[in-house]
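Visitor:
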Amino acid sequence: MSDTATSAAQAASRAAVVAAALELFAEQGFDQTSVEQIAQAAGVSRSTFFRQFGGKDDVVFTDHEVLLDRLREFLGQPHRDPWAAVCEASLLVYSHFAADPELARRRYGVVRGVPALRDREIVTVFRYERLFDEYLRASLPGLDPLDAVGFSAVVTAVHNHVLRRLIRGPKKVPVSVLRVALDDVRRRFGVLPDGEGDPAADQVVVAVFPRAMPTAEVARRLRERLDD
56 MSDTATSAAQ
66 AASRAAVVAA
76 ALELFAEQGF
86 DQTSVEQIAQ
96 AAGVSRSTFF
106 RQFGGKDDVV
116 FTDHEVLLDR
126 LREFLGQPHR
136 DPWAAVCEAS
146 LLVYSHFAAD
156 PELARRRYGV
166 VRGVPALRDR
176 EIVTVFRYER
186 LFDEYLRASL
196 PGLDPLDAVG
206 FSAVVTAVHN
216 HVLRRLIRGP
226 KKVPVSVLRV
236 ALDDVRRRFG
246 VLPDGEGDPA
256 ADQVVVAVFP
266 RAMPTAEVAR
276 RLRERLDD
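56 is the number of the first residue of the sequence shown in this note's numbering; add one for each residue after it.
1) Spatial neighbours of Ala256 within its chain, please: CB distance less than 8 Å, with the 5 preceding and 5 following residues excluded, ordered by chain position.
2) Along the alpha helix (DSSP H) that carries Ala203, what are the first and last residues, could you check?
3) Could you compute how far the alpha carbon of Arg276 sits from the alpha carbon of Val209?
4) List the endpoints of the continuous alpha helix (DSSP H) containing Asp238.
5) Can you say whether His216 is buried or exposed, counting buried as having 16 or more other CB atoms within 10 angstroms of its CB?
6) So, do the stretch 137-153 and the stretch 93-110 have three or more beta carbon pairs nearer to each other than 8 Å?
7) Would you tell me roughly how many angstroms separate the C-alpha atoms of Leu186 and Asp124, rounded to the nearest one?
8) Three-state secondary structure (DSSP) at Val246?
9) Ignore the nearest five residues each way along the sequence and tell me which others in Leu191's own chain have a CB closer than 7 Å to its CB.
10) For Ala267, is the classification buried or exposed, using 16 other Cβ atoms within 10 angstroms of its Cβ as the cut-off for buried?
11) Please classify Val165: does DSSP put it in a helix, a strand, or coil?
12) Could you name the residues of the same chain whose beta carbon sits closer than 7 Å to that of Val230, not counting the 5 residues immediately before and after it, in chain order?
13) Could you tell me if Ala76 is buried or exposed, where buried requires 16 or more neighbouring beta carbons within 10 angstroms of its beta carbon?
14) Could you pull the start and end residues of the alpha helix (DSSP H) that Val290 belongs to?
15) Could you tell me the distance, in whole angstroms, from the CA atom of Val166 to the CA atom of Val263?
16) Please report the residue range of the alpha helix (DSSP H) in which His134 lies.
The following block contains the structure:
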């Protein structure tokens, strides 16, 4: 088996364990669920579980560990605009969770119900912020540390705000919503290039309806299209 195929198989196995664990946590509670139950539900051995994860809480946060590694690799590459690179990194994280919003909602529900997991979530959010902060300082020598930490904090906060909209409600929140918000962050910090992220272009909606169509139906169809 090739390295690529092996990696894909390992990723699929880990994903199956995560999905099984979150389902059990949601059904019977985090503290009430054992490692043995998770392993059985996922179709893996207990030793495989511990080889993949350090413990039950690691299952909940495993995506973040993978994402942080991916962002380190992404930010380690050359980027013409470090400010834009930080925003792209945020978009990479959001795209991952938006790809399976139901799983993200299940994870959110589990975390909200366990104080120890909420504490770890706070620490995990700070790790993203620190990664962005350190990247900006390294990429822009002489940058005021307040600008680096301020931009990193705002990007992280805006990202989390949009992500919460996704996981707290049934509606889709496309990546474009976060992109527009992050363009506004760069604009407020004065680091958005001229002509880039023009908000007017994102806000124009053109629609044509028959004159006889009831106003309520026009409004319904507009809402439906805007929510897509």
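Every residue gets a Cβ at the ideal spot worked out from N, C-alpha and C, and that includes glycine.
These numbers were taken from a predicted model, which means no experiment stands behind them.
Guide: Answer, in terms of the structure:
1) Residue confidence for Ala256 is low, a pLDDT of 49 falling below 50, so the modelled location carries little weight and cannot support an answer.
2) Secondary structure note for Ala203: its alpha helix (DSSP H) is the uninterrupted segment 200-223.
3) Looking at the two C-alpha atoms, the distance is approximately 34 Å.
4) Here the alpha helix (DSSP H) through Asp238 covers 230-243.
5) It is exposed - the Cβ of His216 has fewer than 16 other Cβ atoms within 10 Å.
6) no
7) So the two alpha carbons sit approximately 10 Å from each other.
8) DSSP places Val246 in the coil class of the three-state scheme, outside both helix and strand.
9) Pro137, Val141, Leu198, Ala203, Phe206, Ser207
10) exposed
11) helix
12) Beyond the five residues adjoining it in sequence on each side, Val230 comes within less than 7 Å, by CB distance, of Leu146, Tyr149, Ser150, Ala153 in the same chain, given in chain order.
13) buried
14) Outside the displayed range of the chain (56 to 283) lies residue 290, so it cannot be described from this structure.
15) 45 Å
16) Careful: His134 lies outside any alpha helix (DSSP H) and carries neither H nor E.
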